[in-house]
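Asker: As numbered in the numbering used here, the sequence shown has no gaps in its residue numbers, which increase by one up to the final residue, 1360.
We treat Cβ as the ideally placed atom computed from N, Cα and C, and that holds for glycine.
Predicted, not measured: the structure shown is a model, and the values here were computed from it.
Structure provided below as structure tokens; questions to follow.
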Amino acid sequence: MSGKTIVNPRYPLRINVGFLINQPVGSYREIPFEFEQLTLWDDLPASDFSGVARVSKTGQGILVDAAFQTVTTLECVRCLTAFQQPVQTQFQELFAFKFNQVTDSGLVLSEDGNIDLAPLIREYLLLEVPIKPICRPDCRGLCLECGANLNETTCPHQAQVFVD
1197 MSGKTIVNPR
1207 YPLRINVGFL
1217 INQPVGSYRE
1227 IPFEFEQLTL
1237 WDDLPASDFS
1247 GVARVSKTGQ
1257 GILVDAAFQT
1267 VTTLECVRCL
1277 TAFQQPVQTQ
1287 FQELFAFKFN
1297 QVTDSGLVLS
1307 EDGNIDLAPL
1317 IREYLLLEVP
1327 IKPICRPDCR
1337 GLCLECGANL
1347 NETTCPHQAQ
1357 VFVD
């Protein structure tokens, strides 16, 4: 199936899959997404966001098979410097047609036929963000005495630390 996807600027990751409800099982559409900046989440700023969601009709509901990538800003746990980190994720989720149909995720297709992918994408991307982000493998961190960023400068305290 082909068709033009119209993006709502208030909900850029909301897709209408109502057209699939009356289609035969196996019908699908691939929906591409591409945004320079995406500011949906305070805890996950996203730039160069792109991906594709393939929505397919199954006997139980609408299957979303998606892959997304973005670049987010993180803070290094060693030197506290902000840095850019590429993050990517893939997922499959089934949105059931009715509340009485059970899916592993408990997701149900809304009556208006819209699926907002934003909460799912946020959750899956956050799972890919390192728990302790480090700007680079050889990050030297901060001086414990004066707080100087040891990646950018040296300080007199470092000589004492290595001598002791």
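With respect to the beta strand (DSSP E) encompassing residue 1228, which residues constitute its N-terminal and C-terminal limits?
Answerer: For the purposes of this step, residue 1228 is taken as the residue at position 32 of the sequence shown. Its beta strand (DSSP E) spans residues 1224-1234.
Asker: Going straight from the alpha carbon of residue 1267 to that of residue 1321, what length do you get?
Answerer: Numbered from 1 along the sequence shown, position 71 holds the residue referred to as residue 1267. Numbered from 1 along the sequence shown, position 125 holds the residue referred to as residue 1321. Distance between the alpha carbons of residue 1267 and residue 1321: 10 Å.
Asker: Comparing alpha-carbon positions, which option in 1208, 1312, 1346, 1293 lies nearest residue 1233?
Answerer: Mapped onto the sequence shown, residue 1233 falls at position 37. Answer by Cα proximity: 1208.
Asker: Name the one or two DSSP bridge partners that residue 1286 has.
Answerer: For this step, residue 1286 is matched to residue 90 along the sequence shown. DSSP, once it has assigned bridges, lists 1263 as partnering residue 1286.
Asker: With residue 1262 and residue 1313 assumed to form a contact (beta carbons below 8 Å), what rounded beta-carbon distance in angstroms separates them?
Answerer: In the sequence shown, residue 1262 corresponds to position 66, counting from 1. In the sequence shown, residue 1313 corresponds to position 117, counting from 1. Residue 1262 to residue 1313, Cβ: 7 Å. Contact.
Asker: Say whether the region 1232-1248 touches the region 1287-1296, bearing in mind that this needs 3 or more beta-carbon pairs closer than 8 Å, one atom from each stretch.
Answerer: no
Asker: Report, in whole angstroms, the separation of the C-beta atoms of residue 1253 and residue 1301, which I expect to be a contact under 8 Å.
Answerer: For this step, residue 1253 is matched to residue 57 along the sequence shown. For this step, residue 1301 is matched to residue 105 along the sequence shown. 17 Å between Cβ atoms; not a contact.
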